[in-house]
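Here my numbering runs 24 ahead of the position in the sequence shown, where the first position is 1.
From the three backbone atoms N, C-alpha and C, an ideal C-beta is built for every residue, glycine too.
Bear in mind that the values here come from a model prediction, so they are computed numbers and not experimental data.
Here is the structure we will look at.
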Amino acid sequence: MTTAFLKLAVRWLEHNCRYQYMDELLQYVRFGLMDVDTLHTVALSHPLVQASETATALINEALVYHQSIYAQPIWQNKRTKPRFQSDTLYIIGGKKREICRVKELRYFNPVDQENVHIAGIANWSELAPMPVGRSHHCVAVMGDFLFVAGGEVEHATGRTCAVRTACRYDPRNNSWAEIAPMKNCREHFVLGAVGEYLYAVGGRNELRQVLPTVERYCPKKNKWTFVQSFDRSLSCHAGYVVDGLLWISGTFFFNLEGPEAVSALALVPSTLENKWLSRSPMLQRRVYHSMAAVQRKLYVLGGNDLDYNNDRILVRHIDSYNIDTDQWTRCGFSMLTGKCQNESGVAVHNGRIYLVGGYSIWTNEPSACIQVLDVSKEGKEEVFYGPTLPFASNGIAACFLPAPYSTCPNLQPLQVPHHKIGTV
25 MTTAFLKLAV RWLEHNCRYQ YMDELLQYVR FGLMDVDTLH TVALSHPLVQ
75 ASETATALIN EALVYHQSIY AQPIWQNKRT KPRFQSDTLY IIGGKKREIC
125 RVKELRYFNP VDQENVHIAG IANWSELAPM PVGRSHHCVA VMGDFLFVAG
175 GEVEHATGRT CAVRTACRYD PRNNSWAEIA PMKNCREHFV LGAVGEYLYA
225 VGGRNELRQV LPTVERYCPK KNKWTFVQSF DRSLSCHAGY VVDGLLWISG
275 TFFFNLEGPE AVSALALVPS TLENKWLSRS PMLQRRVYHS MAAVQRKLYV
325 LGGNDLDYNN DRILVRHIDS YNIDTDQWTR CGFSMLTGKC QNESGVAVHN
375 GRIYLVGGYS IWTNEPSACI QVLDVSKEGK EEVFYGPTLP FASNGIAACF
425 LPAPYSTCPN LQPLQVPHHK IGTV
């Protein structure tokens, strides 16, 4: 389509000799979406293009973009992004009952808004699967690319363990590419995109040892390097990026008497020092919980605490943290009854937090439930059921990502849900 647009542009310029508009018009040609062979063909295809310094510069820009495969997420501009795309919810990997780890990548397409809760499976479309199935992994979005790192995988022997592998999904051509592996194997950790880097924090390694280490990925170099470690080992914590800072809450702390859930909040600034700063502790200890941010407030959702016997107990309360005042508040709304979710995926879109799948310690079963928390209007918050997952899963990851028309041609805009089953 981009090549056809260029041909039309050249014909329009040649008609009545409109060459004075050439430099301006060529800025709208998305050379970065052409493959390398096509770019070379275009560069030699027409005297008008060959004679234009602007055309030469734009073609060279696109060639450099393609040569620097790993750096593409931080070199994105209007000439490398598809025109027609709409944000939608993606789900990645997870753990099924019958299949331990899954490779699937799916996006939600609300083709039937009225019956979306009943016809959940029909509203999820499959895309290219990950190179390997994994659960309890982490995802991050940078430059409209989806990054997946770590998690648990199942080997041929049936044994599962944490891995260091990482990969990147390009929604423009529905393809995956391996990137450099992390230095540590990690599962039950946090991954966040801060500036031009990805940060991986804590987690458990292949020996199930809890890690204090932090490493960051540089797309330009396709390389992970260790940065300032945390002041304690972290596992089953939650994290979210807002205002260029990676916020972390909760963890398991292991002492001589066994594990303890710790209430803590800390952050890493996007500076060369990468120093960790402490903030006010949460109102309640949590692990296996989720964190999300809307309008300069962090929300912690679901998860467990530990009782005096070190048994997991559910946390139904939702607490919010004001970034400006460093204060926590217990929200007047909570998770839906019987649907306290742990080990869930989380994603945010238009002031709504989507809590995806998870595990119930009441039933010892994974969940196909999505709870949606609409916190876009203070004092008018709502909690309701979203679409049903195509399969029950915990250790699943979720995100919102622009879906190009080329790979998701029938995608409908994500509307305010009509399928609210419960509200507060």
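Compute the beta-carbon to beta-carbon distance between residue i and residue j, rounded to the nearest angstrom, for a pair I have assumed lies under 8 Å.
i, j, result
"Ala178", "Cys191", "For clarity, residue 178 is Glu in the given sequence; the question names Ala instead. Between Cys191 and Glu178 the Cβ distance is about 17 Å, and since that is not below 8 Å, they are no contact."
"Ala95", "Pro243", "5 Å"
"Gly369", "Gly326", "In fact, because the Cβ distance is near 11 Å, the residues do not count as touching under 8 Å."
"Leu68", "Val34", "Contact flag wrong, Cβ pair sits at about 14 Å."
"Val214", "Ala262", "7 Å"
"Val53", "Leu425", "Actually they are not in contact, since the Cβ atoms of Val53 and Leu425 sit about 25 Å apart, beyond 8 Å."
"Pro428", "Pro106", "4 Å"
"Tyr264", "Met315", "4 Å"
"Leu322", "Ser344", "7 Å"
Let me check understanding here. Comparing Cα to Cα, which of the options lies closest to residue i?
i, options, result
"Ile93", "Arg121, Asp111, Asp59, Arg125", "Asp59"
"Gly182", "Arg232, Asn334, Cys124, Gln74", "Cys124"
"Asp498", "Ala262, Leu325, Ser344, Val311", "Summary: the structure shown does not reach residue 498, with the chain confined to residues 25 through 448, and so no result is reported for it."
"Cys260", "Leu270, Glu211, Gln308", "Glu211"
"Trp200", "Leu151, Leu32, Asp111", "Leu151"
"Arg103", "Leu50, Gln74, Lys120", "Leu50"
"Thr431", "Trp352, Asn198, Met315, His70", "Asn198"
"Asp168", "Phe415, Arg196, Ser257", "Arg196"
"Gly175", "Val318, Ser314, Gly419, Asn434", "Gly419"
"Glu77", "Asp47, Asp398, Ile377", "Asp47"
"Arg502", "Ser417, Arg320, Lys127, Phe276", "Outside the displayed span of the chain (25 to 448) sits residue 502, for which this structure offers no information."
"Val10", "Pro390, Glu405, Tyr114", "The structure shown has nothing for residue 10, since the chain only spans 25 to 448."
"Arg121", "Glu402, Glu389, Thr412", "Glu389"
Does DSSP classify residue i as helix, strand or coil?
i, result
"Pro97", "helix"
"Asn434", "coil"
"Leu37", "helix"
"Val66", "helix"
"Asn366", "strand"
"Glu178", "strand"
"Gln233", "coil"
"Asp61", "helix"
"Asn246", "coil"
"Val206", "The amino acid at residue 206 is misidentified as Val; the sequence shows Met. If DSSP states are grouped into helix, strand and coil, Met206 belongs with coil."
"Met154", "coil"
"Pro390", "strand"
"Ile116", "strand"
"Gly446", "Note that Gly446 scores a pLDDT of 38, beneath 50, so its modelled location is shaky and nothing firm can be said."
Grab me the residues of residue i's own chain with a C-beta within less than 7 Å of its C-beta, minus the 5 sequence neighbours each way, in chain order.
i, result
"Trp36", "Arg42"
"His341", "Gln308, Arg354, Ser358"
"Ala290", "Ile272, Trp300, Leu301, Ser302, Arg303"
"Met206", "Ala173, Gly174, Arg188, Ala190, Ala224, Glu239, Trp248"
Give every residue of the same chain whose Cβ lies closer than 6 Å to the Cβ of residue i, excluding the five residues on either side of it in the sequence, and list them in chain order.
i, result
"Ala86", "Phe55, Gly56, Leu63"
"His90", "Val60"
"Leu258", "Gly226, Thr275"
"Ile445", "Low local confidence applies: a pLDDT of 39 at Ile445 is under 50, so the model's placement there is unreliable, and no value is given."
"Arg320", "Ile347"
When you measure from the CB of residue i to every non-hydrogen atom of the ligand SAM, does any distance come out below 7 Å?
i, result
"Arg376", "This structure simply doesn't include the ligand SAM, nor any ligand for that matter."
Leaving out the 5 sequence neighbours to the left and right, which residues in its chain are closer than 8 Å to residue i when beta-carbon positions are compared?
i, result
"Val172", "Ile116, Gly117, Met154, Arg158, His161, Cys162, Val163, Ala190, Cys191, Arg192, Tyr193, Ala421"
"Lys247", "Ala204, Tyr241"
"Tyr45", "Leu37"
Below 8 Å, how does it come out for the region 373 to 391 and the region 76 to 84: are there three or more Cβ pairs, yes or no?
With a cut-off of 8 Å, the region 76 to 84 and the region 373 to 391 do not count as touching, because too few Cβ pairs lie within range.
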